[in-house]
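First up is the structure itself, then whatever we jot down about it.
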Amino acid sequence: MPDSELAKHTESGMKTVDKLLLLPEEVDAIQSLLRDITSKYKSAEDDEFLSEACLYAHELPRRIRKAVNSFKTTEPRSSVFLISGYPVVDSNIGRTPEHWKRKAEASPAMDVEALLILLGALLGEALGWATQQGGSIIHDILPIKECENEQLGTGSLQTLWWHNEDAFHNYRADYVGMACLRNPDNVATTIASIDDVRISQADIELLFEPHFTIRPDNSHQEKNTPDISDLSADPMDPLRRSYKGIAEMNEKPAKVSILYGHPQSPYIRIDPYFMDPLDEGNPARQALERLIEEININLSDVAMQPGEFLFIDNCKAVHGRKPFKARYDGADRWLKRINVARDLRKSRSARANCNSRIIW
Ligand SMILES: [Fe+2]
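Counting in the working numbering, the sequence shown runs from 1235 upward without gaps.
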C-alpha cells in the first residue's frame, strides 16, 4: 500500500501501527451515511442492520475500504490498524456508564457504534457470545467499581494480562475492533505482534504441538451474567447450557497448540493468565516461557483517543491494558468493542440459525 495512503505511526515507546487519518471530505461522507443508518434503525445491534452492514460498508469512501482490505489481505507485520479523525463530541455522548448493564435505551454514541460495525464488515462478520456482556454484539469497555481488581476489560487497578481474545475457544474472532469514546488519562492498550517475536526453530516446533491448555477467561463466567437471579434453573435452558459448557472447558480444557498456520509465519493462540504450567521436565514448558518473555519484550502501547478505531488481528497479535486509577465520575475511559470473524460458518454448530451472530 502506498505510504501516502497508509502511514506507519511510530512514537518512542509506542506501538508502530498501520494508520489511516480520515480526510475532511471522508468524514462528511461517513456522517451522511451514518445519518441514513441512525434514522432507519434504533440500534447498531438491530438484526437487519447487522445483516445489511456489509452493503452499507460498500458506501464508505473507497480509500478507507482499500486500506482496511489491504490490512485484511496483506496481514502486515504490525497486526493492528488504526483509523483516526472521526469527530466525537464529548458533551454529546453523556456520562460513561457505571456498568455495561446500565446502557441508555438509545445509545448516545450510535453513530460510533454503527461505524465500528461498518468498518468491521470490511473484515468479516460481527459476532457475540451468549456468555459475555449479556449476549451483546457491541461491548462496553469501561471501569466497573466492583471489578477493579479483576482480570477483565472492565477492571482497572490490575494490569490486564496480554492475551488473544477468547483464546480458549475454537470459535474466537479473527479481529477485535475497538472504538474510543473517551480516554482522558491516556490509558494504554498494550499490543505485541507474533511477527516481531524471535524464537528458535526448536521452540516453534514445540509450540506447534498440542501440549497446552487455555481455560475460559473471567468475562465468560456465570457470575458476570447480567442478572444471576434471572438465570433459569432448568438445565436445558440455552444460557444455562452455555455456562455449563464454559464450566466444562474450565474443568477439562482441551490440549491445544500455541502456534498454528504456516511455520514460517505462524498465527498465535495464547492467554498466559488462564493457562496451567506444564511439568518441569517438559521441554514445551521452557518453549512457552521463552515465548512469553519475547512477547513481554515486544509489548508496546497504543493509547486510543476519542474518534479512533483500532482493529487488532486476533490471529497474530496479543493485547492487554495497563493499570489505571478509575475516576467513577462519569468521565472514565470508555471504549466500544466488537469481535469479527472472517467466516461465520465455522461456528454454525454453536449458533441458533444461519443469521444468528451469537455463539451459545
Ligand atoms: Fe481482550
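From the three backbone atoms N, C-alpha and C, an ideal C-beta is built for every residue, glycine too.
Based on Cα-Cα distance, which residue from 1301, 1379, 1509, 1574 lies nearest to residue 1397?
Looking up residue 1397 in the sequence shown gives position 163. When only C-alpha atoms are compared, the closest one is 1509.
Does the pairing of the segment 1473-1489 with the segment 1419-1427 give three or more beta-carbon distances under 8 angstroms?
The answer is no - the segment 1419-1427 does not touch the segment 1473-1489, with fewer than three Cβ pairs under 8 angstroms.
Could you name the residues that DSSP lists as bridge partners for residue 1227?
Residue 1227 lies beyond the stretch modelled for the chain, which goes from 1235 to 1594, so this question has no answer here.
Reducing DSSP to helix, strand and coil, say where residue 1402 ends up.
What you label residue 1402 is simply residue 168 of the sequence shown in a count that begins at 1. The answer is coil: DSSP assigns residue 1402 none of H, G, I, E or B.
At 3 residues or longer, what runs of the beta strand (DSSP E) sit wholly inside the segment 1449-1496?
Whole beta strand (DSSP E) segments, 3+ residues: 1493-1496.
Report, in whole angstroms, the separation of the C-beta atoms of residue 1371 and residue 1591, which I expect to be a contact under 8 angstroms.
The residue you call residue 1371 lines up with position 137 of the sequence shown. The residue you call residue 1591 lines up with position 357 of the sequence shown. Between residue 1591 and residue 1371 the Cβ distance is about 6 angstroms, and since that is below 8 angstroms, they are a contact.
Could you pull out every residue in the same chain whose Cβ sits closer than 8 angstroms to the Cβ of residue 1274, ignoring the five residues on either side in sequence?
Looking up residue 1274 in the sequence shown gives position 40. Around residue 1274: 1283.
Exposed or buried, which one is residue 1470 when buried takes at least 16 other CB atoms within 10 Å?
Against the sequence shown, residue 1470 aligns to sequence position 236. Classification of residue 1470: exposed, given that the 10 Å Cβ count is below 16.
If you compare alpha carbons, which of 1302, 1270, 1320 is closest to residue 1258?
Translated into the one-based positions of the sequence shown, residue 1258 becomes position 24. The shortest C-alpha separation from residue 1258 is found at 1320.
Could you check which residue in 1353, 1392, 1526 has the C-alpha nearest to that of residue 1556?
Along the sequence shown, read from residue 1 onward, the residue named residue 1556 stands at position 322. Of the listed residues, the one whose Cα sits closest to residue 1556 is 1392.
Rounded to a whole number of angstroms, what is the C-alpha to C-alpha distance between residue 1447 and residue 1263?
For the purposes of this step, residue 1447 is taken as residue 213 along the sequence shown, with counting starting at 1. For the purposes of this step, residue 1263 is taken as residue 29 along the sequence shown, with counting starting at 1. Spanning the two alpha carbons is a distance of roughly 47 angstroms.
Are residue 1317 and residue 1267 touching if we call contact CB-CB under 8 angstroms?
Within the sequence shown, the letter at position 83 stands for residue 1317. Within the sequence shown, the letter at position 33 stands for residue 1267. No, the Cβ-Cβ distance between residue 1317 and residue 1267 is not below 8 angstroms.
I need the straight-line Cα distance from residue 1357 to residue 1548, nearest angstrom please.
Locating residue 1357 in the sequence shown gives position 123, counting from the first residue. Locating residue 1548 in the sequence shown gives position 314, counting from the first residue. Roughly 12 angstroms separates the two Cα atoms.
What residue range is occupied by the uninterrupted beta strand (DSSP E) comprising residue 1545?
On the sequence shown, residue 1545 is found 311 positions in, with the first residue counted as 1. Start and end: 1543-1547.
Would you say residue 1545 faces chain C, with C-beta separation under 8 angstroms as the test?
The structure shown contains no chain C; it is built from a single protein chain.
With H, G and I counted as helix, E and B as strand and the rest as coil, what does DSSP make of residue 1416?
Position 182 of the sequence shown, counted from the first residue, corresponds to residue 1416. Correct three-state label for residue 1416: strand.
Helix, strand or coil for residue 1360, going by three-state DSSP, please let me know.
Locating residue 1360 in the sequence shown gives position 126, where the first residue counts as 1. Correct three-state label for residue 1360: strand.
State the start and end residues of the unbroken alpha helix (DSSP H) segment that holds residue 1575.
Numbered from 1 along the sequence shown, position 341 holds the residue referred to as residue 1575. Element bounds for residue 1575: not the alpha helix (DSSP H) but the beta strand (DSSP E), 1568-1575.
Ends of the alpha helix (DSSP H) at residue 1500?
Stepping through the sequence shown from its first residue, residue 1500 is reached at position 266. That residue, residue 1500, is in no alpha helix (DSSP H); its beta strand (DSSP E) goes 1499-1502.
Roughly how many angstroms separate the alpha carbons of residue 1519 and residue 1512, rounded to a whole number?
The residue given as residue 1519 occupies position 285 in the sequence shown. The residue given as residue 1512 occupies position 278 in the sequence shown. So the alpha carbons of these two residues sit roughly 5 angstroms apart.
So which of 1540, 1439, 1383, 1362 has the shortest CA-CA distance to residue 1410?
By 1-based counting over the sequence shown, the position of residue 1410 is 176. Checking every option, the nearest Cα to that of residue 1410 belongs to 1362.
Grouping DSSP H, G and I as helix and E and B as strand, with all else coil, what is residue 1388?
Residue mapping note: residue 1388 aligns to position 154 of the sequence shown, counting from 1. Residue 1388 falls in the coil class under three-state DSSP.
Does DSSP put residue 1368 in a helix, in a strand, or in coil?
As a first step, residue 1368 is located in the sequence shown; it is residue number 134 there, counting from the start. Residue state, collapsed to three classes: helix.
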